[in-house]
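> Top line first, the protein sequences correspond to chains A and B.
All you need for the numbering used here is the position in the first sequence, starting with 1, plus 1197.
All you need for the numbering used here is the position in the second sequence, starting with 1, plus 63.
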Amino acid sequence: MAVSAPVSALQASGTAHELFAAASMTRSQRNSSIPTDWGMFRRDGREGWSLFGPRILGVAGLAYDPFNPDVLLLAAADGVVRSEDRGRSWRLTTGWRIADVRAFAFDAGDPLRVYAATQWGPIRSVDGGRSWESVAEGLPVRYSQTLVADRIIPGRVLLGTESGIFLSEDAASSWRPVNSPPVTILRLVQSASRPALLLAGTEGRGAWRSRDGGRSWQPVDPGSAKANLYAVAIRADDPDVLAIGGWATGVRVSTDGGETWSARGAGLPNPWVQALAFDPDHPGRLSAAVHEEGSYVSDDLGRTWTFAGLYGAYGHDYAFVPAASR
Amino acid sequence: MFWMYQMVMVMTAGQGRLSTANEQRFDELWRTYWPSRGDTENHWVMYYASLRIVSQLRAGRPGAWWFNGRSSDENAAESAAYIREWIRVTTTQGQGEYDSPGYIGEYVVPLALLAGWEADPVRRDEARRMIDYLLFDYAVDQINGQYAGAHSRVYPRQILLPGATTASALGWLAFGVGDRLQNAQAVVLALSGYRPPEVLAAIAQGAERPYVNRERKRTRWRIRHAGPDAFRVGERLTTPVYKYSYVHPDFILGSSQGGLLQPIQQQTWNLRWRVDAPSQASNTFFTVQPHSSPYEGTMYFTFDWDASTDVIARSKVDYDSPDKLASGSPYEQVFQEGPALVGLSHIPPGARFKHLSTLFSRDLRDVVEDPSGWIFARAGAVYLAYRPFVAGQWKENDWTGLLRGGAGAWISSAFDTWGNGHRVLVSEAPRNGYVVQVAPARDFASYDAFQSAVRALPLSFRLDRGPEVAFTTLSGRVLSAGYGEVPKVDGRPIDYGAWPLFDNPFAHEKVGSGQLSVSHGGKEFKSDFRSAADANGAKQP
């Protein structure tokens, strides 16, 4: 999941979550630049999904204010689209300078401070997503599609760029590179229960792990060392359970914190995995977005998979959002 | 965004004539349907010009009335700010989707909306002058209405019927050149009330030829892999495009430097010769190094690396086909001096396609494959000589059958009327190249005399390294280059660093100018885009 949020009172109380998926229906797209459907979809049954929010091309992710999950942010090609009433109404909160937004992260110390990765550089809001400014100054490369705001330390942000991971310790006002592979970082996640643990999926260099809060990184899983990994996930209640997925890689799972890995994609219709997420309400349940096949779910860490709807989808991300507060 | 300008056109033209039910339906759609802003500059210009007009037509509406939750005032201001920025960038750094025979319409139409229906007279005038700017850009690079030389984007049909394009339709409407065509985008321009300055028509109609036209454009915005030549414009990265056209009364030979200048549909160079019925002619000649790659796809699009080629080919169906006619290539280098042109290629083993395709259209006559290695042809009142460095084999156009078999309306509709009868010389070698020499037939006593003159021209090349080439043209200029090095003319490196925004007999503008001064035959016009809209109190973006 691209959403990195501090542990809020809602989460701590065990509030149930709703599952959302950003997807474009490309399987039947022929002689057209437009998918047959697209947007943010909310799961409302075993295989049922319904469009949630505006039907915007290039929706890549969804985030919520950890202290008020009625406040939602959509990451879209057109910019940031924000709702204050859990999706009943929406407002585009970015202008023409900002496009191709891919992921959000709320600051651990200030829920009004939000960061976003865009393919033209990182942006920041200091008013809960109502307005945004570029915070790319000082970055040698600006392309980014994933980021993490540290769950514990306010103002600490890790940004995955076209050339490795950059760290800010002053709320994205300045950046410095960390010891990471100098390739495009496709996905970054931080463990909910062991915040020093982070996992990164890269373009062409497989999976990398950090045990020191993102200061240094080491490769894991020789079996996917040259893969493009679009999906990485860490089980919220057990930081030793990791999952990665990518193009021609299927799903690979580690239950020992990344020391050993097993292929767990045999039950999927193809090995092209674009997103993964552990379900916070069903420990061990893993969802996988399989290229143009849809969403699949496993309750045994990928040994078996069950179709879960969204057939034909090019999946971009999953998001679990606490159920409606009222 | 394509939906938007047509909606706005109906709303403007239909003011006072539409039923209440229609008006209510329009309002409902503007509230519930989220039109995409798109991913290219033409998309954005259409989007914001349309949003600007409809925000004025529905002034004072609150955010809840609009699809994006922003009020009419907010949408109007945002639209004006972007359009201002696009004009600033285009008139200082060159257009990104430059000189496209089809996509010129996607710029002229939104500007026509603004020129015709924008409420602010300052912005309305600025839009009108920006149409002048684009049409001047077209006028100096066209022959009988046909856009010629390097194009940012062009579809197969437009390549093979270069006089049946939106550019040609605009040329007939604005300047009376070429054939009259049925074209909805030209209709929008006509409805706007726009009239071009007289001096543009005189230029378009061909006075003062021959001349050399140089233009500095830029690539589409590069998201990744921007490269060492990239420069930043705000949040975006781009690299320079250096255009050169030799514009003769009987033909135009025009080129860019080659490379990945656009993600799809790039035409690096072409020859266009004068014909009597331009809308029906296939008067084109060019070479392409077909290329497709995730590197290119992710350079210009937001797609994932592994899916990018497939996703592009979902709409630009020929993108990943070896017989495609339009492509940029990172393995090509082209330069030109007058009516002579040199192309070099160095294709690595891992490249998707390893050949050069040279199109010999069905309109060429008396093609001669000379034992010297030169290939000669008559192109209307023009003689053409082409010398591939590595011999090729002849194939029919669309040899894979992709377009013939039906590849969607954009790409292949009515293929039988424009796609058949053309031959392609396919030359495959890791190091390769070619030389082109063009001359007006009137300069020679006979076709044989032209051939003899070309055979006698000094030409040397080597493919064991480089490739390298040295060629002395019919006019005695020496073109020389080694692949990857700055080409030389008469021993002097081409000065790309000083390439002007426009340089031709009618206008001279440096990069960064923000102005256009055109003069010809005692007539002139001047446009200054640096501050006009700002003077009206608009917020700077």
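Ideal Cβ placement from N, Cα and C applies to all residues, glycine included.
What you are looking at is a predicted structure, and each value in this text was computed from that prediction instead of being measured.
Tell me where the alpha helix (DSSP H) around B:P219 begins and ends.
That run of the alpha helix (DSSP H) goes P219 to L223.
> Bridge partners for B:L10 per DSSP, in chain order?
The structure shown does not extend to residue 10 of chain B, since chain B is modelled only from 64 through 604, so no value can be given for it.
> For the segment 327-345 of chain B against the segment 217-237 of chain B, do three or more pairs of beta-carbon atoms, one drawn from each stretch, fall closer than 8 Å, so that the two count as touching?
They touch, by the three-pair rule.
> I want to see whether chain B comes within less than 8 Å of A:S1371, judged by CB atoms only; does it?
Chain B contact via Cβ: absent.
> Give the residues of chain B in contact with A:Y1427, contact being defined as C-beta atoms less than 7 Å apart.
Under the 7 Å cutoff, chain B gives D367.
> DSSP puts B:E395 in a beta bridge; with which residues?
Answer is B:S408, bridged to B:E395.
> Interface residues of chain B around A:N1376 at Cβ under 8 Å?
Those within 8 Å of A:N1376 in chain B number zero; the least Cβ separation is about 22 Å.
> Please check if any C-beta of chain A sits within less than 8 Å of the C-beta of B:V380.
At least one chain A Cβ lies under 8 Å of B:V380.
> Check whether the Cβ of B:I286 lies closer than 8 Å to any Cβ atom in chain A.
With 8 Å as the cut-off, B:I286 counts as an interface residue toward chain A.
> Assuming A:L1394 and A:L1385 make a contact with CB atoms under 8 Å, what is their CB distance in whole Å?
In fact, because the Cβ distance is near 12 Å, the residues do not count as touching under 8 Å.
> Rounding to the nearest angstrom, what Cα-Cα distance links A:A1213 and B:Q156 in this structure?
Roughly 53 Å separates the two Cα atoms.
> Within a Cβ cutoff of 8 Å, which residues of the same chain sit near A:Y1508, ignoring the five residues on either side of it in sequence?
Excluding sequence neighbours, A:Y1508 sits near R1224, E1490 and G1491.
> Would you identify the three-state DSSP class for A:L1418, choosing helix, strand or coil?
Looking at the sequence shown, residue 1418 of chain A is not Leu but Asp. Looking at A:D1418 - three-state DSSP - the assignment turns out to be coil, as it is neither helix nor strand.
> Starting from the beta carbon of A:N1228, find every residue of chain B whose beta carbon is closer than 8 Å, and list them in chain order.
Within 8 Å Cβ-Cβ: R377, S378, V380, A470, G471, A472, W473 and I474.
> Give me the Cα-Cα distance between B:R272 and A:V1375, rounded to the nearest whole angstrom.
Rounded to whole angstroms, B:R272 to A:V1375 spans 59 Å at the Cα level.
> Nearest-angstrom Cα distance between A:L1383 and B:D292?
Rounded to whole angstroms, A:L1383 to B:D292 spans 26 Å at the Cα level.
> In chain A, which residues lie less than 9 Å from B:A127 when you measure between Cβ atoms?
In chain order: S1286.
> Do you know whose CA, among A:V1518, A:P1477, A:E1334 and A:R1348, lies nearest A:S1370's CA?
Measuring from the Cα of A:S1370, the nearest candidate turns out to be A:E1334.
> What are the residues of the segment 130-154 of chain B that lie near chain A, defined by any Cβ-Cβ distance shorter than 8 Å?
Of all residues in the segment 130-154 of chain B, F130, N131, G132, R133, E141, A144, Y145 and E148 have a Cβ within less than 8 Å of some Cβ in chain A.
> List the whole-angstrom C-beta distance separating B:F348 from B:Y446, where the pair is believed to meet the contact cut-off of C-beta under 8 Å.
Contact doesn't hold; Cβ gap of about 12 Å is too wide.
> For B:T421, which residues from the same chain have a beta carbon less than 6 Å from its beta carbon, with the 5 sequence-adjacent residues on both sides left out?
Correct list, in chain order: T350 and L488.
> Mind checking which residues open and close the alpha helix (DSSP H) that includes B:G360?
Element bounds for B:G360: P357 to Y363.
> Say whether chain B places a C-beta atom closer than 8 Å to the C-beta of A:I1349.
Taking Cβ atoms only, chain B never reaches closer than 8 Å to A:I1349, which makes this a no.
> Is there a C-beta anywhere in chain B that falls below 8 Å from the one on A:A1510?
Answer no: the Cβ-Cβ gap between A:A1510 and chain B never drops below 8 Å.
> Tell me which same chain residues have a C-beta within less than 8 Å of the C-beta of B:A265, skipping the five on either side of it?
Cβ within range, chain order: H583, G584 and K586.
> What is the residue span of the beta strand (DSSP E) that B:E531 lies within?
Looking at the DSSP string, the run of the beta strand (DSSP E) that includes B:E531 is E531 to T535.
> If A:G1464 and A:W1502 are in contact, beta carbons under 8 Å, what's the gap, nearest whole angstrom?
Contact holds; Cβ gap of about 4 Å.
> In angstroms with no decimal places, state the Cα-to-Cα distance between B:S594 and B:R151.
One C-alpha to the other measures close to 9 Å.
> Rank A:G1410, A:A1257 and A:N1425 by C-alpha distance to the C-alpha of A:R1449 and give the top, closest one.
The shortest Cα separation from A:R1449 among A:G1410, A:A1257 and A:N1425 belongs to A:N1425.
> Which residue marks the beginning of the beta strand (DSSP E) containing A:H1513, and which one marks its end?
Unbroken beta strand (DSSP E) run through A:H1513: A1510 to P1519.
> Listed from N- to C-terminal order along the chain, which residues in the segment 270-302 of chain B have their beta-carbon within a distance smaller than 7 Å of any beta-carbon of chain A?
Within the segment 270-302 of chain B, the qualifying residues are I286, R287, G297, E298 and R299.
> Can you name the residues of chain A whose CB is closer than 7 Å to the CB of B:W97?
Neighbours of B:W97 on chain A, chain order: P1251, R1252 and I1253.
> What does the Cβ neighbour count give for A:S1413, buried or exposed, with the cut at 16 atoms within 10 Å?
Classification for A:S1413: exposed.
> Going by beta carbon distance, what residues of the same chain come within less than 7 Å of B:G545, once the five residues before and after it are set aside?
Only G529 and E531 meet the Cβ criterion.
> Please tell me whether, using a cut-off of 7 Å, the distance from the CB of B:G208 to the nearest non-hydrogen atom of the ligand COA is below it.
Looking for the ligand COA in the displayed structure turns up nothing, as the structure carries no ligands at all.
> Short of 8 Å in beta carbon distance, which residues of its chain neighbour A:A1505, apart from the five on each side in sequence? Order them along the chain.
Once the five neighbours on either side are set aside, the close Cβ partners of A:A1505 are R1240, R1243, E1244, S1484, G1491, S1492, Y1493 and V1494.
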